[in-house]
Amino acid sequence: MARVGGGRLAGMVTAVAKKTEKPLVRLRTRGAGEALLLSEVLAFRRRLMQWYEEHARVLPWRGVSDPYRTWVSEIMLQQTRVAAVIEHYHAFLAKFPTLVSLSLAPEASVLAAWSGLGYYRRARMLHKAAQFIVRELGGVLPGNSIDLKTLPGIGEYTGAAIASISFGESIAVVDGNVERVLLRVTGRPYVSTAAGKKFVHEQAQALVPKKKLSVGVNAAGDHNQAMMELGATVCLPKGPLCGACPVYGLCETKGEHGSAPRTMQRSLPASYLLSLRKRGTVTEVLLSRRSAEVSLMAGMLELPPLPETVVAGREPLLRLRHAITNTNYYVQVFAARGLKDKKMLQAVLAEPEQLEWVRTSRLASHPLTGLARKSLQRLDVMEVRKVRMEGIERALAVEVSPAAFEDGLELDDY
DNA sequence: GAACCGTGGAA
DNA sequence: TTTCCAAGGTT
């Protein structure tokens, strides 16, 4: 790794030094932290694309021709793992197959389809943008990065991604993958400044093919996806697989690089109530709607939260971990049981008007928080409920007595 | 420019 | 159990 003289041979060298004299032509080298040379750019592109053709993962949004679908995939992929997106991508597009259908949908149904993906503002902005496009742009997604960026939820990265992938525009995407690859290849240390960002963008742009090579071949779009693919599958944040890297020979660091400091995580307990009731053949679950004012998951539905003081010493139905930003929540879900739980039921941290009963068969159409969705599925209240539902109902639903809610919770005809 | 916005799988 | 962090954008 250590190099003397601060440079690595780059490109072809034709001049030969005479014996006791200086070279006729100085060897062209690139020092740590410097930009790629032109000869390296061409080699980088070629090696990257050859690798990509062989190793590209098959992903649902690869090879789609509908810009709307590319748009949806790019919004979903923001700060979100591929595996999580795959779980939602098909269902979302089955529910909203076209830009127009999305624009006509109620926001709650869009959020319901987004449940579990997180960053719900993305779904709201996607929805808003679709409505704007239908209302103002004739229902056609803008065809270049400049105009795309005027839409809510589409910034620097996403504008470039859609423009290059859908329309072949020669503009570089810079996501976390691309940044990491370029910092390692050039050996420039990470700095969180505008200058640092500028360097990475310039490098990225220098590498993007200028034009489409031919009809049916999207050089820029494929190149951008290849850069991200390299970062995602080879140039990993920790333990990069340098042995499999197509541009290892062009890389300054061979995997070493600094990264941005991150904020410390903390752990907190959190408790929720599971309360079920049966009305004829219909089973309902009590949910609490988060205020429209809160910044986190505004207006979405969750299990009624309980204070830690009231659950002390009780045995939960379910324990799970749930991470929200920098906090690991160690979550417990409790069932209401009998009269002595009047205390627990009254302790629910929600106003009566926030509470609502939702038919378990219709949970998927409500904007549940990820935690509520996960808990309800884990408890077999949501989705698979044929087999174990009876046991759950006997244990839980029957125990919710009207007396427990006499403080205005309005359980009409339980 | 910094803070904020969700999630879950892997190590 | 705790840490890490992913195809970012908005305010």
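Those letters in the first sequence? Residues 857 to 1270, by my numbering. We put the beta carbon where it would ideally sit given N, CA and C, even for glycine.
CA-CA distance, residue 1100 and residue 1038?
Sequence index remark: in the first sequence, residue 1100 carries index 244 (1-based). Sequence index remark: in the first sequence, residue 1038 carries index 182 (1-based). The straight-line gap from Cα to Cα measures roughly 17 Å.
Going along the chain, which residues of its own chain have a beta-carbon closer than 7 Å to the beta-carbon of residue 876, five neighbours each way excluded?
As a working mapping, residue 876 is identified with position 20 in the first sequence. Annotation note: pLDDT 46 at residue 876 (below 50); position unreliable, coordinate value reported separately. For residue 876, where only same-chain residues beyond five positions count, there are no Cβ hits under 7 Å.
Residues near residue 980 in its chain [Cβ-Cβ closer than 7 Å; skip 5 each side]
What you label residue 980 is simply residue 124 of the first sequence in a count that begins at 1. Excluding positions up to five away in sequence, the list reads 963.
Within the segment 1001-1086, note down every full alpha helix (DSSP H) run reaching 4 residues or more, in order along the chain.
1001-1004, 1012-1023, 1032-1042, 1050-1063
For the segment 923-935 and the segment 1015-1025, state whether three or more C-beta atom pairs, one from each stretch, are separated by less than 8 Å.
yes
Which same chain residues end up closer than 6 Å to residue 1244 when comparing Cβ atoms and leaving out the 5 residues on each side of it in sequence?
Within the first sequence, the letter at position 388 stands for residue 1244. With a pLDDT of 23 at residue 1244, under the threshold of 50, the predicted position of this residue should be treated as unreliable, though the coordinate-derived value follows. Result list for residue 1244: 1236, in chain order.
Beta-carbon within less than 6 Å of residue 1215's beta-carbon, same chain only, minus the 5 sequence neighbours each way: which residues are those?
In the first sequence, counting from the first residue as 1, residue 1215 sits at position 359. Taken in chain order, the residues that qualify are 1138, 1140.
What do you get for residue 1115, buried or exposed, if any count of 16 or more other CB atoms within 10 angstroms of its CB means buried?
Here the question's residue 1115 lines up with position 259 in the first sequence. Flag for residue 1115 reads exposed.
Using three-state DSSP, classify residue 1161 as helix, strand or coil.
The count along the first sequence starts at 1 and reaches residue 1161 at position 305. DSSP places residue 1161 in strand when its eight states are reduced to three.
With C-beta atoms as the reference, is residue 1130 less than 8 Å away from residue 1211?
Sequence index remark: in the first sequence, residue 1130 carries index 274 (1-based). Sequence index remark: in the first sequence, residue 1211 carries index 355 (1-based). Contact flag unset, no.
Looking only at DSSP bridge pairs, what is residue 1126 linked to?
Walking along the first sequence from the start, residue 1126 turns up at place 270. Residue 1126 pairs with 1187.
Nearest to residue 902 by alpha carbon, out of 1181, 1102, 1207, 956?
Position 46 of the first sequence holds residue 902. Among 1181, 1102, 1207, 956, the Cα nearest to that of residue 902 belongs to 1102.
Alpha carbon to alpha carbon, how far is residue 1178 from residue 1083? Give it in angstroms, no decimals.
Indexing the first sequence from 1 puts residue 1083 at position 227. Indexing the first sequence from 1 puts residue 1178 at position 322. So the alpha carbons of these two residues sit roughly 32 Å apart.
Do the CB positions of residue 1007 and residue 985 come within less than 8 Å of each other?
What you label residue 1007 is simply residue 151 of the first sequence in a count that begins at 1. What you label residue 985 is simply residue 129 of the first sequence in a count that begins at 1. Result yes, Cβ atoms of residue 1007 and residue 985 sit closer than 8 Å.
Determine the DSSP secondary structure at residue 1216, reduced to helix, strand or coil.
As a position in the first sequence, residue 1216 is number 360, starting the count at 1. Residue 1216: helix per DSSP, three-state reduction.
Environment of residue 1049 [buried if 16+ CB atoms lie within 10 Å]
Sequence index remark: in the first sequence, residue 1049 carries index 193 (1-based). Within a 10 Å sphere around the beta-carbon of residue 1049 sit fewer than 16 other beta-carbons, which makes this residue exposed.
Thinking just about the alpha-carbon of each residue, which of 1153, 1183, 1168 is nearest to the one in residue 1226?
If you number the first sequence from 1, residue 1226 lands on position 370. Residue 1226 has its Cα closest to that of 1153, out of 1153, 1183, 1168.
Going by DSSP in three states, residue 926 sits in which element: helix, strand or coil?
By one-based count along the first sequence, residue 926 stands at place 70. Three-state result, residue 926: helix.
Cα-Cα separation between residue 921 and residue 1045, rounded to whole angstroms
Numbered from its first residue, the first sequence carries residue 921 at position 65. Numbered from its first residue, the first sequence carries residue 1045 at position 189. Rounded to the nearest angstrom, the two C-alpha atoms are 38 Å apart.
Output the distance between the C-alpha atoms of residue 1246 and residue 1132, rounded to the nearest integer angstrom.
Position 390 of the first sequence, counted from the start, is the residue given in the question as residue 1246. Position 276 of the first sequence, counted from the start, is the residue given in the question as residue 1132. Low confidence applies to residue 1246: its pLDDT is 27, below 50, so where it sits in the model is not reliable, and the reading given next is rough at best. The straight-line gap from Cα to Cα measures roughly 11 Å.
Tell me, please, whether the segment 904-916 touches the segment 1073-1089 by the rule of three or more beta-carbon pairs shorter than 8 Å.
yes
Measuring only the C-alpha atoms, how far is residue 954 from residue 965?
Within the first sequence, residue 954 is the residue found at index 98, counting from 1. Within the first sequence, residue 965 is the residue found at index 109, counting from 1. A straight-line Cα-Cα distance of about 15 Å links residue 954 and residue 965.
What are the boundary residues of the beta strand (DSSP E) that includes residue 1144?
By 1-based counting over the first sequence, the position of residue 1144 is 288. Segment 1138-1145, the beta strand (DSSP E) holding residue 1144.
Could you name the residues of the same chain whose beta carbon sits closer than 6 Å to that of residue 1122, not counting the 5 residues immediately before and after it, in chain order?
Against the first sequence, residue 1122 aligns to sequence position 266. Excluding residues within five positions, the ones whose Cβ falls inside 6 Å are 1183.
Where does the unbroken alpha helix (DSSP H) through residue 946 begin, and where does it stop?
By 1-based counting over the first sequence, the position of residue 946 is 90. 938-951 is the span of the alpha helix (DSSP H), which, as asked, contains residue 946.
Hey, residue 960 and residue 983 are a contact pair by Cβ (cut 8 Å); roughly how many whole angstroms apart?
Looking up residue 960 in the first sequence gives position 104. Looking up residue 983 in the first sequence gives position 127. Wrong, their Cβ atoms sit about 10 Å apart, outside the cutoff.
Give the single residue among 1162, 1146, 1163 whose Cα lies nearest to the Cα of residue 1155.
On the first sequence, position 299 is the one that residue 1155 refers to. The option with the nearest alpha carbon to residue 1155 is 1146.
When the distance is taken between beta carbons, is residue 1023 closer than 8 Å to residue 999?
In the first sequence, residue 999 corresponds to position 143, counting from 1. In the first sequence, residue 1023 corresponds to position 167, counting from 1. Yes, these two residues count as a Cβ contact at 8 Å.
Residue 990 to residue 952 span [Cα, whole Å]:
Residue 990 sits at position 134 when you count from the first residue of the first sequence. Residue 952 sits at position 96 when you count from the first residue of the first sequence. Taking the straight line from one Cα to the other gives about 14 Å.
In its own chain, which residues sit with a C-beta less than 6 Å from the C-beta of residue 844, not counting the 5 before and 5 after it?
Outside the displayed span of the chain (857 to 1270) sits residue 844, for which this structure offers no information.
Go ahead and label residue 1144 buried or exposed: buried means 16 or more other beta carbons lie within 10 angstroms of its beta carbon, across all protein chains shown.
For the purposes of this step, residue 1144 is taken as residue 288 along the first sequence, with counting starting at 1. Under this definition residue 1144 is a buried residue.
Return the residue from the list 971, 1171, 1180 that minimises the CA-CA distance to residue 1192.
Numbered from 1 along the first sequence, position 336 holds the residue referred to as residue 1192. Of 971, 1171, 1180, the residue nearest in Cα terms is 1171.
Should residue 1071 be labelled buried (16 or more other beta-carbon atoms within 10 Å of its own) or exposed?
Indexing the first sequence from 1 puts residue 1071 at position 215. The residue is exposed, with fewer than 16 neighbouring Cβ atoms inside 10 Å.
Please state whether DSSP places residue 1222 in a helix, a strand or coil.
Residue mapping note: residue 1222 aligns to position 366 of the first sequence, counting from 1. Residue 1222 sits in coil when the DSSP states are folded into three classes, being neither helix nor strand.
When DSSP labels each residue in this structure, what does residue 983 get in the three-state scheme?
Taking the first residue of the first sequence as position 1, residue 983 is located at position 127. DSSP places residue 983 in helix when its eight states are reduced to three.
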